[in-house]
Amino acid sequence: MSAHESMEHAEHAEHASGSNKKIALLIAVIALFLALSETLGKGAQTEAIAKNVEASNLWAFFQAKSIRRTTVQVAADQGKLSLGATTDEAAKAALQKQIDDWTKTAARYRSEPDTGEGSEQLSERAKHAEHERDEATAKYHHFEIASAAFQIAIVLASATIITGILALAWVSGIVTLAGIAMTALGLFQPHLLHLH
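Using the working numbering, the final residue of the sequence shown is 1046, and nothing's skipped along the way.
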C-alpha cells in the first residue's frame, strides 16, 4: 500500500468517524424524545384508567341513588292510595306526614347541589369523568404512535452506522419529525386525528 493510499484511508476513516459521531448524537436526541413520549404515554394511560374507574363508580352511585329514589317514590305513591281509604284523622295526618317526608326524600335523591350526590349531579360528574378519560385515551394513542416512530428512527440511524448509507439517517430524521408531530398532537390537539 502506497503512502497516498494510506493517507486516503486515514482521511476516509476520519470522515466516517465524524459521521458516526453525528449519527450517535442523532440517536441520543431521538432516545430523549422516545423517553419523553413514553413518559407522557404512561401518564396518559394511568389517567385514562383512573378516570374510567371514577366514571364507573359514579355511575354505580347514580344507579343506587336512582333505585332509592324510585323505591321512596313508590312508597309515597302507595301512601297516597292508602290515604283515601283511611278514615281515622290521626292515622290520616300521620300518613300524610310520611308521604310528605318520602316526597322530600325523593326530591333530595334527585338533586343535592350542596353535596353533589343527587342523581343529577352524579350524572354530570360521571359524564365529566368519561370526557376526561376519553381525552387521556386520545393522548395515549398519539404518544404510543410517537414512541413507535422514535424507535423506528433509532433503528434506521443505527443502520446508517453499520451500512454507511447516509440516506437512512435522513429517513430517520423524517421519522423523528413525524414522532415529534404526534407528540405535539397528543399534548395540544389529541382529537384532531381519530386514532381509536
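Every residue gets a Cβ at the ideal spot worked out from N, C-alpha and C, and that includes glycine.
Consult DSSP for residue i and reduce its assignment to one of helix, strand or coil.
i, result
"Q1039", "coil"
"L1045", "coil"
"A1028", "helix"
"T936", "coil"
"D927", "helix"
"T965", "coil"
"G868", "helix"
"A860", "In this predicted model, A860 has a pLDDT of only 43, less than 50, meaning its place in the structure is not dependable; the value taken from the coordinates is given anyway. Helix."
Which residues mark the beginning and the end of the alpha helix (DSSP H) in which residue i is found?
i, result
"E994", "969 to 1013"
"L945", "939 to 960"
Is the beta carbon of residue i less than 9 Å from the beta carbon of residue j?
i, j, result
"F1000", "S887", "yes"
"I873", "A1019", "yes"
"K915", "G966", "no"
"T1010", "S1022", "yes"
"F912", "A956", "no"
"I1030", "I877", "no"
"K989", "L884", "no"
"H978", "P1040", "no"
Closest to residue i by CA distance: which of the options is it?
i, options, result
"E994", "V922, G929, A1028, Q948", "A1028"
"T987", "S1022, T896, S969, A943", "T896"
"V879", "T1026, T1033, A1017", "T1026"
"T921", "A905, W952, E970", "W952"
State yes or no: is the beta carbon of residue i nearer than 9 Å to at least one beta carbon in chain D?
i, result
"K930", "In the structure shown, chain D does not exist; there is a single protein chain."
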